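J.:
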Amino acid sequence: VQLQASGGGLVQPGGSLRLSCAASGVTFSRYDMGWYRQAPGKERELVARMTYNWRTNYSDSAKGRFTIFRANAKNTVYLQMNSLKPEDTAVYYCNAQLGLYAYWGQGTQVTVSS
Numbered sequence: 044v045q046l047q048a049s050g051g052g053l054v055q056p057g058g059s060l061r062l063s064c065a066a067s068g069v070t071f072s073r074y075d076m077g078w079y080r081q082a083p084g085k086e087r088e089l090v091a092r093m094t095y096n097w098r099t100n101y102s103d104s105a106k107g108r109f110t111i112f113r114a115n116a117k118n119t120v121y122l123q124m125n126s127l128k129p130e131d132t133a134v135y136y137c138n139a140q141l142g143l144y145a146y147w148g149q150g151t152q153v154t155v156s157s
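This is how it looks when you write it as structure tokens:
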């Protein structure tokens, strides 16, 4: 199982980024997919999650600014991030979960700074 995250980078406050996570080795459409982040000195936290049947939930900080969506035909989950703030700076990880089975990607750095 491999989750390959990409799309991170340096962006100014107020800017946008789209993260992608391509999965292989799993029946993607059966998995709940999520994005988590971890800032220096902080615990990893949920940002957004989409279940296999398209239900979504977001952290309070992500609501209204971030959108998670998936393309099952491409085995890929995305996180569209708008109106980025310096406090969004973190390493972002994608997660695939099916029951007790959970897999993590390697993370992609997002830095929001002027």
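Residues 44 to 157 in our numbering are what the sequence shown lists, from first letter to last.
Don't be surprised by glycine CBs; every beta carbon is placed ideally from N, CA and C.
Values in this document were obtained by computation on a predicted structure and should not be read as measured data.
1. Given 8 Å as the limit, is there contact between the region 135-142 and the region 66-76, that is, 3 or more CB pairs closer than that?
2. Quick check on the burial criterion: 16 or more other C-beta atoms within 10 angstroms. Buried or exposed for Asp103?
3. Taking the CB atoms as reference points, tell me whether Val134 and Gln81 lie closer together than 9 Å.
4. Which residue marks the beginning of the beta strand (DSSP E) containing Thr119, and which one marks its end?
5. Is it a yes or a no for the region 92-103 touching the region 121-133, going by three-plus beta-carbon pairs under 8 Å?
6. Starting from Glu88, trace the beta strand (DSSP E) both ways and give me its first and last residue.
T.: The short version:
1. Short answer: they touch.
2. Taking all protein chains in view, the Cβ of Asp103 is surrounded by fewer than 16 other Cβ atoms within 10 Å, so the residue is classified as exposed.
3. yes
4. 119-124
5. no
6. 88-93
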